[in-house]
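In what follows, a single structure is set out as structure tokens and then discussed.
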Amino acid sequence: MTPLTSTRPPRSGLAPSPLAGSRTGLADVLAALTGAADAVANARRPEGPLPAGTPAEVLTAAARALGPAELPAEGLGAEAALGLLATVLTEHGIDLTHPRAAAHLQPPALTVAVAADVLANAGNASLDTYDSGPSAIAVERWLITALTRLAGLGERADGVLTPGGSLSNLMGLLLARDAAAHRRGIDARAHGVAALPGPVVFCSELAHFSTHRACAALGLGEAAVHPLPVDDRRRMRPDALLAALDALGPDRTPVAVVATAGTTDFGTVDPLPQIAEIAAERGIWMHADAAYGFGALFSDRLADRLAGLELADSITLDLHKTGWQPAAASVLLVSDTTAFTALDREVAYLNPADDSEAGYDGLLGRSLQTTRRPDAVKAAATLLTYGRTGMGRLIDTCHDLARHAERRILAEPDLELVSPAELTTVVFRYRCADPAATDDVNAALRRRLLETGTALIGRTEAAAPAPGAPRRVCLKFTLLNPTATTDDIDGLVAAVLDAGRTCERHIKENAA
Ligand SMILES: Cc1ncc(COP(=O)(O)O)c(C=O)c1O
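Residue numbering for the sequence shown follows the numbering used here, beginning at 448 and increasing consecutively.
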């Protein structure tokens with residue numbers, strides 16, 4: 448009889464296995480990566496965080512390095528293929544470990560997370576059914592439980608990993624939509640939401656645009672979004688939420704209020720306890736978009752800012768932002784696991800009822816995806832490696848860097864602070880002698896930093912926190928590199944000033 452476990456000898460000394468998941472497959476993956484590591488080490492890295500050149504020049508050079516865009520008749524072999532791609536990615540790509548990479552909520556990934564991702568990929572388990580990856584299901588459950596406890600949710604809480612914060616927000620609003628429809632006696636899953644009268648989703652005017660896209664995708668329409676004004680600290684005004692709710696006629700259905708815990712640009716947190724109280728009083732779903740802000744919970748110093756998060760019905764959190772994971776590692780948490788009933792599905796080839804009753808069940812009913820990557824493995828490895836204290840140190844370090852940047856900006860007459868360091872971002876402007884040219888100069892100086900490859904900083908638009916104030920082009924440091932130093936921040940500020948002066952001069956000369 449053939450034994451169930453492999454009795455094959457270890458592969459050492461044999462040709463590498465082409466299959467990553469075998470007993471020795473991971474060793475073969477590591478061997479393949481050693482060649483790629485040599486290629487990365489020997490590649491000509493750009494001096495800055497981006498290769499110098501216009502986008503057309505950089506993309507053309509990368510395409511040329513890749514060679515003809517056609518399948519080779521005969522394969523190159525793994526060593527050559529990986530070496531080629533490692534070189535192209537290094538020589539023509541972004542370096543998020545560079546201390547002057549400070550544009551987006553896109554951190555450098557932690558080594559342990561990348562290693563764990565390789566491990567997870569090698570097994571190629573999926574989360575949908577028990578028989579596509581039992582241990583991956585156990586790891587995701589472990590991670591979800593750990594995160595629900597960190598968030599302060601109760602015993603009925605649950606969650607699921609998704610491919611991004613936008614998708615977590617979509618899922619949260621899908622559950623909210625179906626709950627609102629259910630209250631009106633409508634089966635949204637079977638019949639859609641055409642019969643749901645005048646759906647409304649409240650959020651602050653600074654909510655992430657994925658809320659709008661989710662409403663469009665869910666058939667509520669973008670017009671369902673009711674943006675509410677913010678206070679002088681750029682937080683949703685609960686009085687405005689109450690007034691908007693009071694003004695709703697009987698022909699409207701309040702579906703959800705989306706509170707942002709960490710706005711993309713400013714890191715500001717909406718008043719979660721007050722919003723939760725209003726939502727509970729009016730029987731509306733509260734979704735907290737903590738895609739960016741959730742990382743504050745790792746920190747003793749910052750965790751208080753998220754007080755009230757535990758009152759939300761659903762929470763988006765992105766460990767590929769303030770958890771230093773390679774994308775994607777987004778999570779949707781729910782306060783009550785029965786919220787997922789809306790996603791339940793019995794499929795003959797996956798989870799027939801008798802199999803499920805016998806315990807042969809997976810996580811298909813928590814997700815819109817069927818095949819689903821075990822992204823929890825890298826996140827679990829990271830949280831086990833660092834613990835809450837270690838993760839807290841990472842976020843505190845980045846917060847300290849942001850506060851240093853804030854002080855430098857305040858001390859610099861040619862810069863204007865637009866928004867302070869709430870979490871790890873700082874928004875500011877370069878001041879021009881000619882105020883009319885300021886927007887153009889700020890936009891141009893950022894492009895100059897990108898084109899010269901000197902620094903990678905963010906750009907956004909912001910109004911002064913006053914009614915009717917115009918939106919102006921601003922610059923943004925998003926500081927997520929915990930190995931950067933205050934000297935690096937000083938260098939970043941100096942690069943901005945230098946590019947600002949050059950662009951101001953050019954724009955003035957061109958206008959003359
Ligand atoms: C507050 C907030 N929500 C949602 C998102 C969307 O996340 P993702 O880019 O992972 O889809 C972002 C992205 O920056 C964000 O800042």
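Yeah, the Cβ is synthetic: ideal placement off N, Cα and C, and Gly gets one too.
Less than 8 Å separates the beta-carbon of residue 720 from that of residue 754.
Taking a cut-off of 8 Å for Cβ pairs, the region 627 to 644 and the region 581 to 595 do not touch, as fewer than three such pairs fall below it. Beta bridge pairing from DSSP links residue 918 with 910.
DSSP lists 735 as the bridge partner or partners of residue 706. For residue 790, there is no enclosing beta strand (DSSP E), as DSSP marks it with neither H nor E.
Annotation for residue 739 indicates a beta carbon within 7 Å of some heavy atom of ligand 1. Not one heavy atom of ligand 1 is found less than 7 Å from the C-beta of residue 806. Listed in chain order, the non-local C-beta contacts of residue 734 below 8 Å within the same chain comprise 616, 619, 620, 623, 703, 704, 705, 706, 759, 760, 761, 762, 763, local neighbours out to five positions each way being set aside. Set against 7 Å, the gap from the CB of residue 651 to the closest heavy atom of ligand 1 is not smaller. For residue 616, the shortest separation between its Cβ and any heavy atom of ligand 1 lies below 7 Å. A direct Cα-to-Cα measurement between residue 868 and residue 710 gives close to 12 Å. Residue 787 is positioned such that its CB atom lies closer than 8 Å to that of residue 781. Where residue 541 is concerned, there is no enclosing alpha helix (DSSP H), because DSSP gives it neither an H nor an E. In this structure residue 863 is not in contact with residue 850, their Cβ atoms being roughly 17 Å apart against a cut-off of 8 Å.
The Cβ atoms of residue 765 and residue 612 lie closer than 8 Å to each other.
Classified as exposed, residue 468 has fewer than 16 neighbouring CB atoms from the shown chains inside 10 Å of its CB. Excluding the 5 residues flanking it on each side, residue 659 has same chain C-beta neighbours closer than 7 Å at 669, 672, in chain order. The C-beta separation of residue 852 from residue 873 comes to about 5 Å, placing the pair in contact by the 8 Å criterion. In the three-state reduction of the DSSP assignment, residue 559 falls in the helix class, which pools H, G and I. Contact annotation: residue 714 and residue 870 have beta-carbon atoms nearer than 8 Å. By the C-beta density criterion, residue 646 is buried, having at least 16 other C-beta atoms within 10 angstroms.
When C-alpha distances from residue 900 are compared across 943, 908, 530, the shortest belongs to 943.
Just measuring C-alpha positions, the residue of 772, 926, 842 sitting nearest residue 747 is 842. For residue 779, the enclosing beta strand (DSSP E) begins and ends at 777 to 781. Apart from the 5 residues on each side of it in sequence, residue 931 sits with its Cβ closer than 7 Å to the Cβ of 546, 848 in its chain, given in chain order. Annotated three-state conformation of residue 867 is coil, per DSSP.
The continuous alpha helix (DSSP H) containing residue 833 extends over residues 823 to 858. By the beta-carbon neighbour count (other beta carbons within 10 angstroms, threshold 16), residue 494 is exposed. Within the DSSP secondary-structure output, residue 631 pairs in no beta bridge. Taking the Cα of residue 642 as reference, the smallest distance to any Cα among 632, 649, 651, 648 is reached at 632. For residue 696, the closest of 644, 768, 609 by C-alpha to C-alpha distance is 644.
The beta carbon of residue 954 lies closer than 8 Å to those of 884, 887, 888, 891 in the same chain, with the five residues before and after it left out. Excluding five sequence positions before and after residue 752, the CB atoms of its chain that fall closer than 6 Å to its own CB belong to 716, 743, given in chain order. The count of Cβ pairs closer than 8 Å, one atom from the region 807 to 819 and one from the region 556 to 564, stays below three, leaving the stretches out of contact. In the DSSP assignment, the residues bridged to residue 651 are 675.
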